[in-house]
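Notes follow once the structure below has been shown.
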Amino acid sequence: MSVIGEFTVPSDSFLLGQTLTEVPEMVVELQRVVAHSHDRLVPFFWVHHGDKERFDALLRDDPTLDEVVQLDEFERGTSYRGVWTKHAEGVAYAYIEQGGAILEASGQDDTWTLRIRFDDDESVSEFHSYCQREEIPFVLDRLYRPSQPKGGGQYGLTPTQRETLVEAYKCGYYDVPREVNMTDLADDLETTQQSLSKQFRRSYASLIENTLVVSDEEQMCPDGPNK
Numbered sequence: 001m002s003v004i005g006e007f008t009v010p011s012d013s014f015l016l017g018q019t020l021t022e023v024p025e026m027v028v029e030l031q032r033v034v035a036h037s038h039d040r041l042v043p044f045f046w047v048h049h050g051d052k053e054r055f056d057a058l059l060r061d062d063p064t065l066d067e068v069v070q071l072d073e074f075e076r077g078t079s080y081r082g083v084w085t086k087h088a089e090g091v092a093y094a095y096i097e098q099g100g101a102i103l104e105a106s107g108q109d110d111t112w113t114l115r116i117r118f119d120d121d122e123s124v125s126e127f128h129s130y131c132q133r134e135e136i137p138f139v140l141d142r143l144y145r146p147s148q149p150k151g152g153g154q155y156g157l158t159p160t161q162r163e164t165l166v167e168a169y170k171c172g173y174y175d176v177p178r179e180v181n182m183t184d185l186a187d188d189l190e191t192t193q194q195s196l197s198k199q200f201r202r203s204y205a206s207l208i209e210n211t212l213v214v215s216d217e218e219q220m221c222p223d224g225p226n227k
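Just so we're aligned: the sequence shown equals residues 1 to 227 in UniProt numbering.
Listed below in structure tokens is the structure:
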């Protein structure tokens with residue numbers, strides 16, 4: 001059964017470490033990574049909340065990228081496509097070695113936070129061993145199976161997710177008709193519409209996963225999951 005790990009890693013062990021520390025207010029959200037081959041990883045990422053002109057100047061010389069192309073620019077952020085350097089070290093290639101998939105990644109200043117899905121417990125152990133062997137620093141914050149709550153928060157929600165949903169409810173975002181739109185709500189929460197939209201999707205997924213979705217074990221056992 002698959003396992004999801006939540007990790008914190010230094011920015012210089014992942015993507016754009018040098019650039020992020022030079023523009024500490026910038027937030028980078030990894031949207032997806034396409035592996036054309038073992039030695040060619042293509043990250044798509046979204047950046048916001050920082051000095052874009054300085055970020056772009058540093059981005060061209062960032063040692064973790066062989067090339068980078070700006071895709072779209074909006075008032076609230078910019079999207080890019082890059083190519084990870086062939087000899088880049090760190091978590092980027094560690095998770096590929098073990099067949100993992102990055103579900104979510106966000107970087108700012110000197111830190112990246114990651115959610116990685118692994119095929120099974122053995123893959124997690126191999127990832128841990130690989131990082132130790134290659135001296136790749138990381139902190140495992142949480143480990144759980146998709147059919148279980150992440151722990152801590154009710155229904156699998158993080159404190160931030162719960163606060164966001166409650167605030168949206170209080171502001172009338174879920175009323176028909178709505179009392180507030182997403183743009184105004186994002187401004188009230190001091191975030192971007194893009195980030196708020198992602199926050200909602202993750203929150204809804206956690207609620208559905210932990211309230212409506214029944215695991216295979218629960219379906220097989222009429223008295224509930226095996227203890």
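Quick reminder that beta carbons are idealized off the backbone N, C-alpha and C, glycines included.
Here the structure is a predicted model, which means the values were calculated and not measured.
Item	Value
Thinking just about the alpha-carbon of each residue, which of F55, Q31, P63, G5 is nearest to the one in P24?	F55
Measure the alpha-carbon distance for D62 versus Q70 and round it to whole angstroms.	15 Å
Going by the CB atoms, is the gap between D119 and S2 shorter than 8 Å?	yes
So, with DSSP's three-state summary, where would you put Y169?	helix
Which parts of the region 107–135 are runs of the beta strand (DSSP E), unbroken and 3 residues or longer, counting only runs that do not cross its ends?	111–118
Spatial neighbours of P149 within its chain, please: C-beta separation below 6 Å, excluding the five flanking residues on both sides.	With a pLDDT of 49 at P149, under the threshold of 50, the modelled position of this residue cannot be trusted; read the value that follows with caution. Result list for P149: G156, N210, in chain order.
I believe A101 touches F14 by the beta-carbon criterion, under 8 Å. Please report the beta-carbon distance rounded to the nearest angstrom.	Not a contact, Cβ separation roughly 15 Å.
Hey, would you say G77 sits closer than 8 Å to Q194, going by beta carbons?	yes
Suppose the cutoff is 6 Å on Cβ atoms and the five residues either side in sequence are ignored; what does the same chain contact list for T164 look like?	Q199
Using three-state DSSP, classify P63 as helix, strand or coil.	coil
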